[in-house]
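Q: First the structure, which I've put down as structure tokens, then a few questions once you've had a look.
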Amino acid sequence: MRILTFFFILFASFVHGQKLKNIEAIKLNTKFTLELHTDSLNNFSYNIVSTEPFEGELKMNSAFKLFDENIKENQIQGILAIGTFGSQRSILLAMKSGLKKSFQYELMIDVKGKGRFKKTSIHPLHLGVPSIEMWPYNINLIKIVSFQIIKL
């Protein structure tokens with residue numbers, strides 16, 4: 000029984016690792032647009048439809064002015080950059096959703112720049128309500144692993 004449990008844990012970690020390996024990473028100092036797709040079972044996948052370098056510092060009080068006024072219904076815009084929160088400089092992820100429902104997502108971060116990702120906590124995305132995540136340490140890359148509808 001112990002051997003079976005060991006192989007199950009080993010297999011589960013391998014499958015999750017393969018999934019993460021196939022997800023495109025978003026680099027620091029990037030503005031990006033994601034497009035979500037759903038299948039017949041309401042499972043969500045996404046692809047990155049655009050990226051562009053983000054120059055300068057992301058200021059928390061004006062970050063949301065950098066997004067399009069009307070984001071398409073199946074898209075999310077975001078910026079991952081160094082920014083300021085008061086007098087403190089941090090890594091900021093600002094996102095705005097055009098989705099008609101509230102979504103939770105899973106976010107993996109690469110802190111040391113070695114391609115080793117770890118899960119981090121996030122705030123949900125709501126229609127038209129910008130969201131900001133902030134970290135006190137360097138982040139080189141992020142990977143968004145999954146999206147789920149929040150059932151109210």
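Using numbering that gives the first Met the number 0, the first residue of the sequence shown is number 0, and each one after it goes up by one.
Cβ atoms here follow ideal geometry from the backbone N, Cα and C, with glycine treated the same way.
For Phe63, which three-state DSSP category applies?
A: Note: Phe63 maps to helix in three-state DSSP.
Q: How is the beta strand (DSSP E) around Leu91 delimited, first residue to last?
A: Gln87 to Ser96 is the extent of the beta strand (DSSP E) around Leu91.
Q: Using DSSP with H/G/I as helix, E/B as strand and the rest coil, what is Leu40?
A: Coil at Leu40, not helix or strand.
Q: Let me know if Tyr104 comes out buried or exposed under the rule of 16 or more other beta-carbons within 10 Å of its beta-carbon.
A: Buried: at least 16 other Cβ atoms inside 10 Å.
Q: What is the rounded straight-line gap between the Cα of Pro135 and the Cα of Asn69?
A: In a straight line, the C-alpha of Pro135 is about 31 Å away from that of Asn69.
Q: Hey, could you find the ends of the beta strand (DSSP E) Tyr136 is sitting in?
A: Taken as a continuous stretch (DSSP letters only), Tyr136 belongs to no beta strand (DSSP E), as it is neither H nor E.
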